[in-house]
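**Q** Residue numbers (our numbering): -19 to 248.
1) Pull up the distance between the alpha-carbon of residue 15 and that of residue 180, whole angstroms please.
2) For residue 89, count neighbouring Cβ atoms within 10 angstroms of its own Cβ and tell me buried if that reaches 16, exposed if not.
3) Between the Cα of residue 129 and those of 234, 54, 62, 45, spot the shortest distance and give me the residue it belongs to.
4) Which residue's Cα is closest to the Cα of residue 17: 219, 170, 159?
5) Is the segment 52 to 72 touching the segment 25 to 42 in the sense that three or more CB pairs, one from each, lie closer than 8 Å?
6) Look at residue 232 and residue 192 and say whether their C-beta atoms are less than 8 Å apart.
7) Take residue 207 as the anchor and find which of 213, 216, 197, 214 has the nearest alpha-carbon.
8) Can you tell which of 229, 138, 209 has the C-alpha that lies nearest to the C-alpha of residue 220?
9) Measure from the alpha carbon of residue 215 to the alpha carbon of each residue in 169, 106, 238, then state which is nearest.
10) Just list the residues that DSSP pairs residue 178 with in beta bridges.
11) Measuring only the C-alpha atoms, how far is residue 156 from residue 176?
12) Under the assumption that residue 98 contacts residue 77 (Cβ atoms under 8 Å), give the Cβ distance between them as a whole number of angstroms.
13) I need the straight-line Cα distance from residue 112 to residue 102, nearest angstrom please.
14) Where does residue 26 sit, in a helix, a strand or coil, going by DSSP?
15) Rounded to whole angstroms, what's the CA-CA distance from residue 227 to residue -5? Just pull it up for me.
16) Between residue 12 and residue 32, is the Cβ-Cβ spacing less than 8 Å?
17) Looking at the secondary structure, which residues open and close the alpha helix (DSSP H) in which residue -6 lies?
18) Suppose the cutoff is 7 Å on Cβ atoms and the five residues either side in sequence are ignored; what does the same chain contact list for residue 241 look like?
19) With a threshold of 7 Å on Cβ separation, who are the neighbours of residue 137 within its own chain once the five nearest residues in sequence on each side are excluded?
20) What is the residue span of the alpha helix (DSSP H) that residue 60 lies within?
21) What number of angstroms, rounded off, separates the C-alpha of residue 127 from the C-alpha of residue 133?
22) Within the continuous beta strand (DSSP E) that includes residue 41, where are the two ends?
23) Jot down the residue ranges of each uninterrupted alpha helix (DSSP H) in the segment 189 to 229, minimum 4 residues, whole runs only, in chain order.
24) Please name the residue, chosen from 72, 244, 6, 123, that lies closest to residue 94 on a Cα-to-Cα basis.
25) Residue 8: buried (16+ other C-beta within 10 angstroms of its C-beta) or exposed?
26) Hey, residue 223 and residue -1: beta-carbon distance below 8 Å or not?
27) Please list the terminal residues of the continuous alpha helix (DSSP H) segment that includes residue 68.
28) What separation, rounded to the nearest whole angstrom, lies between the Cα atoms of residue 122 and residue -15?
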């Protein structure tokens, strides 16, 4: 049996790694927060927290207790457990061989290189050889998906990646603190200036024409500047419901890091 992998985060980028690891035969458990706030939720295994069960690219993730996850792993069931109990408790109970931090918080929020035999950090905020063993580059461009064995990933610029010729224009943020209510759905086409939702009574408007690739679920409290939605000018509905090229590139780096580590261990 392949070693157990614990993935921190069930968002869109993390889901690429979850998918590829599971397809390669690794038992995978996802550690999520109690109220996930992903906007590309239709391509997030972590959305199982909201739905109970999430099917993406023919794989099923299910929100369950830590005890249920332990039983499921032992049984060899194909379902991916999504657990919202504290990370430290999950570590102590499951004792994974590999930890992949794919939260993409732009900082390390508690992952340490002694959490498992192999610890991988995705994106900025980690230092290979210090708090993690390997860092995976998450910045779009020539180095996307590369394994870094010394040092850090490229720093966060605060500018969204170029998708369909747009960067900052494709993303909508909260105009104020308050309760978010969506008025449009993922997969729908919107026009520039069209209202896609409200934060309390403040409208949230699309800046460009395109397809709504992601939008936060209604009923969540947000703060001013919080990312709420993403419009894709390419207008490919298929992109709204399948794992992205970026997520799969990062996943390729994760798979490389694990395979290289396994190969080195077999040689010793």
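Just so it is clear, CB atoms sit at the ideal spot from N, CA and C, and this is done for glycine as well.
**A** Short version:
1) If I take the Cα positions, the gap works out to 19 Å.
2) Flag for residue 89 reads exposed.
3) Measuring C-alpha to C-alpha distances from residue 129 to each of 234, 54, 62, 45 identifies 234 as the nearest.
4) Closest by C-alpha distance to residue 17, out of 219, 170, 159, is 159.
5) The segment 25 to 42 is in contact with the segment 52 to 72.
6) With contacts defined as CB atoms closer than 8 Å, residue 232 and residue 192 fail to qualify as a contacting pair.
7) The shortest C-alpha separation from residue 207 is found at 197.
8) Nearest neighbour of residue 220 by Cα position, chosen from 229, 138, 209, turns out to be 209.
9) Closest by alpha carbon: 169.
10) Bridge partners of residue 178: 161, 183.
11) If you take the alpha carbons of residue 156 and residue 176, they lie about 15 Å apart.
12) Residue 98 to residue 77, Cβ: 7 Å. Contact.
13) Going by the C-alpha atoms only, they are around 10 Å apart.
14) In this structure, residue 26 counts as helix in the three-state DSSP scheme.
15) Using only the alpha carbons, I get a separation of about 7 Å.
16) Contact flag unset, no.
17) From DSSP, the alpha helix (DSSP H) with residue -6 extends over -8 to 3.
18) Only 98 meet the Cβ criterion.
19) Close CB contacts of residue 137 within its chain, under the 7 Å cut and outside five residues either way in sequence, are absent.
20) Segment 60 to 63 is the beta strand (DSSP E) holding residue 60; no alpha helix (DSSP H) there.
21) Going by the C-alpha atoms only, they are around 9 Å apart.
22) For residue 41, the uninterrupted beta strand (DSSP E) run begins and ends at 39 to 43, by DSSP.
23) Correct list: 217 to 220.
24) Taking residue 94 as reference, the option from 72, 244, 6, 123 with the minimal CA-CA separation is 72.
25) It counts as buried.
26) With contacts defined as CB atoms closer than 8 Å, residue 223 and residue -1 qualify as a contacting pair.
27) Unbroken alpha helix (DSSP H) run through residue 68: 67 to 74.
28) Spanning the two alpha carbons is a distance of roughly 28 Å.
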